[in-house]
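Undergrad: Once you've had a glance at the structure underneath, I'll fire off some questions.
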Amino acid sequence: MSNSIQFNTFNTLLQKVKEKKPLVHHLTNYVTVNDCANIVLALGASPIMADYIGEINDILPRADALVVNLGTINEQKAETILKACEIANANNIPVVLDPVGIGVSSFRLGILRKIIGEYKLAVIKGNASEISIIAGLSGESKGVDVGLGDMITPLSLRELSMKLDTVIALTGPTDYITFGEKTITITNGSKYLAQLTGTGCMIGSMIGTFATVTSKYIEAAALGVLIMGVAGDICHDIAQEDGMGSFKVKIFDVVSKIDENVLRKVAKIENE
Amino acid sequence: MSNSIQFNTFNTLLQKVKEKKPLVHHLTNYVTVNDCANIVLALGASPIMADYIGEINDILPRADALVVNLGTINEQKAETILKACEIANANNIPVVLDPVGIGVSSFRLGILRKIIGEYKLAVIKGNASEISIIAGLSGESKGVDVGLGDMITPLSLRELSMKLDTVIALTGPTDYITFGEKTITITNGSKYLAQLTGTGCMIGSMIGTFATVTSKYIEAAALGVLIMGVAGDICHDIAQEDGMGSFKVKIFDVVSKIDENVLRKVAKIENE
Amino acid sequence: MSNSIQFNTFNTLLQKVKEKKPLVHHLTNYVTVNDCANIVLALGASPIMADYIGEINDILPRADALVVNLGTINEQKAETILKACEIANANNIPVVLDPVGIGVSSFRLGILRKIIGEYKLAVIKGNASEISIIAGLSGESKGVDVGLGDMITPLSLRELSMKLDTVIALTGPTDYITFGEKTITITNGSKYLAQLTGTGCMIGSMIGTFATVTSKYIEAAALGVLIMGVAGDICHDIAQEDGMGSFKVKIFDVVSKIDENVLRKVAKIENE
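As structure tokens, this is what we get:
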């Protein structure tokens with residue numbers, strides 16, 4: 003597809019979310035959960051963050067997507083996540099995985115192995131460190147935001163995507179969104195996005211939101227990644243001049259106002 | 003009472019909170035807890051969010067109100083909530099209940115039944131879906147924010163209020179605050195309030211705050227609902243023009259500056 | 003040291019954080035955790051908030067500092083905190099303790115006793131109520147923000163610091179940062195800082211951040227306290243004129259832009 007067709011598609015996804023007002027179930031961390039809820043609402047969808055295992059059977063089947071984020075995980079949340087993945091798969095609800103900080107502990111790595119091994123995921127979104135760990139490459143994670151992982155190549159992304167039969171969205175200075183033979187690259191963004199907690203988590207939430215209105219999850223993933231990159235570009239000068247408080251406010255402003263015109267004007271996106 | 007007297011009363015409540023600096027204990031969800039704390043502080047009161055059952059006996063008797071919010075509930079928090087309601091009742095501490103998303107699970111509905119059945123509540127604040135479930139009417143909850151429930155009538159609100167001997171605050175395009183024969187209606191607000199997580203929870207926190215300085219809980223509930231509606235009206239154009247990040251900031255600005263003059267100028271409130 | 007030398011030192015700490023990008027592990031409350039993460043990022047460091055005891059062995063040894071905050075504590079988190087203090091001590095990782103609301107429950111007081119009794123702390127940061135409780139003086143805590151405690155004297159702070167062999171940072175209208183015979187006093191700040199949740203917690207996070215780049219923890223503590231005070235001074239008029247939403251945004255703006263020049267211009271700091 004040419005970029006022109008892509009923007010039409012993105013516009014369709016944005017409109018469909020506003021019409022359908024899908025319910026996006028999150029099992030996520032308590033650090034950035036408020037931002038995730040607000041970004042879903044900013045797109046016109048409806049978030050729910052219930053994470054008690056005793057409620058999942060009742061709530062999840064009514065949801066339109068499930069976003070799983072491994073930040074601030076513990077044993078109870080891990081159990082809920084595994085059960086939720088099972089229910090989501092049984093109900094054909096797309097699952098978006100954000101493997102936050104999987105390099106930091108063997109516990110988190112164990113949960114990841116179970117998720118990857120037993121369930122079907124629509125999209126995995128991570129930084130180079132996280133994706134390289136998933137790819138079985140060596141990788142060392144420092145905190146949750148700083149990735150190494152220049153060993154990830156477009157080729158290995160394609161292999162990983164095909165092996166897991168899932169879209170891989172690798173975020174970084176250049177973002178790669180890969181499904182099978184197809185890769186979309188995005189070079190939008192600002193260094194200040196990495197200095198604001200939750201920008202990665204919010205990308206996961208946006209991908210989950212768009213995955214409710216298309217079965218082409220590569221498009222959902224590309225749009226989620228693109229919107230944050232475009233917002234970063236637009237807000238970069240505000241971070242530089244005013245600071246990080248104003249930057250955060252403006253990111254939400256931009257996302258809540260995002261439309262095809264803004265995307266066409268600012269997006270740096272290419273298909274390979 | 004005429005509206006003129008009402009504004010005097012509201013002014014008195016606002017002033018009393020600033021003088022007394024009451025302690026408002028919350029058992030609430032982790033999605034919007036920061037916003038709830040800040041809205042209580044913005045009114046001049048002091049929030050405490052401790053939710054460990056092993057601390058409730060020590061903390062709650064010193065509090066001036068208890069706000070119970072059922073969002074992101076789990077078994078531990080449910081136990082804490084039930085114990086806290088018992089202690090609050092024993093100590094004549096007013097309890098404000100925000101039955102967030104009670105339609106989403108049988109677990110949450112079970113907790114609600116226990117709270118309603120066993121404890122005295124000062125105010126129940128909910129949307130049409132939540133209140134209709136409490137009223138025993140059919141109701142289906144989509145997410146936590148979207149309510150159906152046109153089956154709720156002013157008459158059924160009065161019946162519910164009398165049956166439970168509690169103030170019912172029904173929020174929506176028109177807000178109804180009912181206690182026995184008396185109903186206050188408010189038509190302030192903005193569609194953007196529903197696109198920001200926590201605006202409902204913050205209403206509950208504000209009602210709890212005002213319930214510490216009056217025993218006429220219908221006034222406390224009306225003022226809590228009114229302030230958010232007035233803030234929504236004042237900030238509506240900012241959401242429209244700048245976006246949801248700026249809208250959130252301005253909501254806190256307006257609430258922290260609210261006074262009788264602003265209320266008189268913007269409020270759309272009527273007594274029936 | 004003269005104040006002039008102090009500003010050079012502060013500048014060095016600010017620069018070193020930006021170069022080293024240290025990892026600051028938090029075991030903190032869920033009310034202000036997002037603000038804590040963002041303030042650490044605003045200084046150029048990297049936060050991690052993982053609090054599951056099953057991950058601590060893997061994560062903490064790689065961290066450069068540990069910030070322990072007793073807000074919204076429960077039994078699980080208390081266990082994690084004690085284990086984390088042990089690991090931190092064994093690995094020479096500085097521990098900063100923010101004994102939030104220790105006056106509110108005997109449970110919290112019991113945890114505090116264990117921490118103080120068994121582990122080496124780099125810095126204890128608290129308000130007068132919290133510090134007076136630690137000092138074994140009588141003290142009654144109302145909520146988590148309001149402190150009494152005029153019984154704390156510079157002399158008793160020095161005694162406490164020497165007895166515990168730790169830096170004591172007492173925040174209030176005048177801040178006292180004491181280590182042994184040395185005391186730094188700061189008179190910056192704004193009454194509005196107390197009307198925003200998290201400003202105290204963020205001071206703890208900043209102290210933890212600076213403790214990663216100096217072994218003179220009194221300097222780390224003084225700089226953390228000073229930055230929030232300076233930000234309060236700079237943002238005071240915004241709170242007064244615009245309100246608390248704008249105040250919060252501007253606090254983050256100022257901290258993310260803080261440098262030696264701003265500190266020299268605004269700081270009211272003295273060595274005794």
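Residue numbers (my numbering), protein chains in the order written: chain A, 3 to 274; chain B, 3 to 274; chain C, 3 to 274. No residue lacks a Cβ here, since even glycine has one placed at the ideal position from N, Cα and C.
1) Taking its Cβ as the centre, do 16 or more other Cβ atoms sit within 10 Å of Ser140/A, making it buried, or is it exposed?
2) Is the region 194-210 of chain A touching the region 223-236 of chain A in the sense that three or more CB pairs, one from each, lie closer than 8 Å?
3) With 16 other CB atoms within 10 Å as the buried threshold, where does Lys79/C fall?
4) With a threshold of 8 Å between beta carbons, is Arg266/A in contact with chain B?
5) Mind listing the chain B neighbours of Asn91/A? Cutoff is C-beta to C-beta under 9 Å, in chain order.
6) Which value, in whole angstroms, describes the spacing of the CA atoms of Glu183/A and Ile136/A?
7) Give every residue of the same chain whose Cβ lies closer than 7 Å to the Cβ of Val251/B, excluding the five residues on either side of it in the sequence, and list them in chain order.
8) For Leu198/B, which residues in chain A fall below 8 Å Cβ to Cβ?
9) The alpha helix (DSSP H) with Ser134/A in it runs from where to where?
10) Does the region 60-72 of chain C touch the region 37-51 of chain B, meaning 3 or more C-beta pairs lie closer than 8 Å?
11) Residue range of the beta strand (DSSP E) that Ile55/A falls in?
12) Which residues in the same chain as Gly145/C place their Cβ atom closer than 6 Å to its Cβ, once the five residues preceding and following it in sequence are excluded?
13) What are the boundary residues of the alpha helix (DSSP H) that Pro24/A is part of?
14) Suppose the cutoff is 8 Å on Cβ atoms and the five residues either side in sequence are ignored; what does the same chain contact list for Glu262/C look like?
15) Sort Asp244/C, Val69/C, Gly73/C by Cα distance to Ile89/C and report the nearest one.
16) Do Val26/A and Gly245/B have their CB atoms nearer than 8 Å?
17) Considering only C-alpha positions, which residue in the set Ile229/A, Gln197/A, Ile170/A, Ile118/A is nearest to Thr189/A?
18) My output table needs one value for Asn94/B: the three-state DSSP class, helix, strand or coil.
19) Please specify which runs of the beta strand (DSSP E), each continuous and at least 3 residues long, are wholly inside the region 182-241 of chain B, giving them in chain order.
20) Please tell me whether Asp100/C has its Cβ less than 8 Å away from any Cβ of chain B.
21) Alpha carbon to alpha carbon, what distance is there between Thr176/C and Thr155/C?
22) Can you list, in chain order, the residues of the region 65-98 of chain A whose Cβ is nearer than 8 Å to any Cβ on chain C?
23) Starting from Leu123/B and walking both ways along the alpha helix (DSSP H), at which residues does that stretch end?
24) On a Cα-Cα basis, can you pick out the residue from Ser192/C, Met164/C, Tyr194/C that is closest to Thr180/C?
25) Just to confirm, are Gly56/A and Lys20/A a CB contact at a threshold of 8 Å?
26) Determine, using beta carbons only, whether Asp261/C comes closer than 8 Å to chain B.
27) With C-beta atoms as the reference, is Val102/C less than 8 Å away from Asn71/C?
28) Return the bridge partner residues of Ser48/A from the DSSP annotation.
29) Do you know how far the Cα of Val169/C is from the Cα of Gly138/C?
30) Taking the straight line between their C-alpha atoms, what separation do you get for Ser48/A and Ser192/A?
31) Keeping to the same chain, check which residues put their C-beta closer than 6 Å to that of Lys18/B; ignore five residues upstream and five downstream.
32) Any idea what DSSP makes of Leu72/B, helix, strand or coil?
33) Could you confirm whether any beta carbon from chain C is found closer than 8 Å to the beta carbon of Ser207/B?
34) Determine which residues of the region 219-238 of chain C have a Cβ less than 7 Å from any Cβ of chain B, and write them out in chain order.
35) I'd like to know if Ser258/B contacts chain C, where contact means its C-beta is closer than 8 Å to some C-beta of that chain.
36) Please report the distance separating the alpha-carbon of Glu77/C from that of Asn31/A.
TA: With the structure as the only source:
1) Your numbering for residue 140/A matches position 138 in the first sequence. Reliability fails at Ser140/A, whose pLDDT of 36 lies under 50, so the model's placement of it is uncertain and no value is given.
2) yes
3) Taking the first residue of the third sequence as 1, we reach residue 79/C at position 77. By the 10 Å Cβ count, Lys79/C comes out buried.
4) Taking the first residue of the first sequence as 1, we reach residue 266/A at position 264. No, because no Cβ of chain B sits closer than 8 Å to the Cβ of Arg266/A.
5) Residue 91/A sits at position 89 when you count from the first residue of the first sequence. Per Cβ cutoff of 9 Å: no residues; Asn91/A is ~20 Å from chain B at best.
6) Against the first sequence, residue 183/A aligns to sequence position 181. Against the first sequence, residue 136/A aligns to sequence position 134. If I take the Cα positions, the gap works out to 19 Å.
7) On the second sequence, position 249 is the one that residue 251/B refers to. Excluding positions up to five away in sequence, the list is empty.
8) Along the second sequence, read from residue 1 onward, the residue named residue 198/B stands at position 196. Under the 8 Å cutoff, chain A gives Asn40, Leu43.
9) For the purposes of this step, residue 134/A is taken as the residue at position 132 of the first sequence. Counting along the chain, the alpha helix (DSSP H) containing Ser134/A begins and ends at 130-136.
10) no
11) Start at 1 with the first residue of the first sequence, and residue 55/A comes out as number 53. From DSSP, Ile55/A is part of no beta strand (DSSP E) but of the alpha helix (DSSP H) over 55-61.
12) The count along the third sequence starts at 1 and reaches residue 145/C at position 143. Interpretation of Gly145/C is limited by its pLDDT of 43, a score under 50 that renders its predicted location unreliable; the figure taken from the coordinates is listed afterwards. Hits under 6 Å: none found.
13) Position 22 of the first sequence holds residue 24/A. Looking at the DSSP string, Pro24/A is not in any alpha helix (DSSP H), and its letter there is neither H nor E.
14) As a position in the third sequence, residue 262/C is number 260, starting the count at 1. These residues qualify, in order along the chain: Phe9, Asn10, Phe12, Asn13, Leu16.
15) As a first step, residue 89/C must be located in the third sequence, where it is residue number 87. If we check each option's Cα against that of Ile89/C, Val69/C comes out closest.
16) Counting from 1 along the first sequence, the entry for residue 26/A is found at position 24. Counting from 1 along the second sequence, the entry for residue 245/B is found at position 243. It is not a contact, given that the beta carbons lie outside the stated cut-off.
17) For this step, residue 189/A is matched to residue 187 along the first sequence. The option with the nearest alpha carbon to Thr189/A is Ile229/A.
18) By 1-based counting over the second sequence, the position of residue 94/B is 92. Note: Asn94/B maps to coil in three-state DSSP.
19) 184-188
20) Start at 1 with the first residue of the third sequence, and residue 100/C comes out as number 98. It does not: the Cβ of Asp100/C has no partner Cβ on chain B nearer than 8 Å.
21) Stepping through the third sequence from its first residue, residue 155/C is reached at position 153. Stepping through the third sequence from its first residue, residue 176/C is reached at position 174. Distance between the alpha carbons of Thr155/C and Thr176/C: 12 Å.
22) Gly73, Thr74, Ile75, Asn76, Glu77
23) By 1-based counting over the second sequence, the position of residue 123/B is 121. From DSSP, Leu123/B is part of no alpha helix (DSSP H); its letter is neither H nor E.
24) Start at 1 with the first residue of the third sequence, and residue 180/C comes out as number 178. Closest by alpha carbon: Met164/C.
25) By one-based count along the first sequence, residue 56/A stands at place 54. By one-based count along the first sequence, residue 20/A stands at place 18. It is not a contact, given that the beta carbons lie outside the stated cut-off.
26) Here the question's residue 261/C lines up with position 259 in the third sequence. For Asp261/C, the answer is no, since every Cβ of chain B falls outside 8 Å of its Cβ.
27) Walking along the third sequence from the start, residue 102/C turns up at place 100. Walking along the third sequence from the start, residue 71/C turns up at place 69. Closer than 8 Å, so yes.
28) Looking up residue 48/A in the first sequence gives position 46. The partner list for Ser48/A (beta bridge, DSSP) reads Leu25/A.
29) As a first step, residue 138/C must be located in the third sequence, where it is residue number 136. As a first step, residue 169/C must be located in the third sequence, where it is residue number 167. Roughly 17 Å separates the two Cα atoms.
30) Translated into the one-based positions of the first sequence, residue 48/A becomes position 46. Translated into the one-based positions of the first sequence, residue 192/A becomes position 190. In a straight line, the C-alpha of Ser48/A is about 28 Å away from that of Ser192/A.
31) By 1-based counting over the second sequence, the position of residue 18/B is 16. Cβ within range, chain order: Val215.
32) Here residue 72/B corresponds to residue number 70 of the second sequence, with the count starting at 1. Three-state result, Leu72/B: coil.
33) Walking along the second sequence from the start, residue 207/B turns up at place 205. No - not a single Cβ of chain C is within 8 Å of the one on Ser207/B.
34) none
35) Here residue 258/B corresponds to residue number 256 of the second sequence, with the count starting at 1. Taking Cβ atoms only, chain C reaches closer than 8 Å to Ser258/B, which makes this a yes.
36) Taking the first residue of the third sequence as 1, we reach residue 77/C at position 75. Taking the first residue of the first sequence as 1, we reach residue 31/A at position 29. Distance between the alpha carbons of Glu77/C and Asn31/A is about 19 Å.
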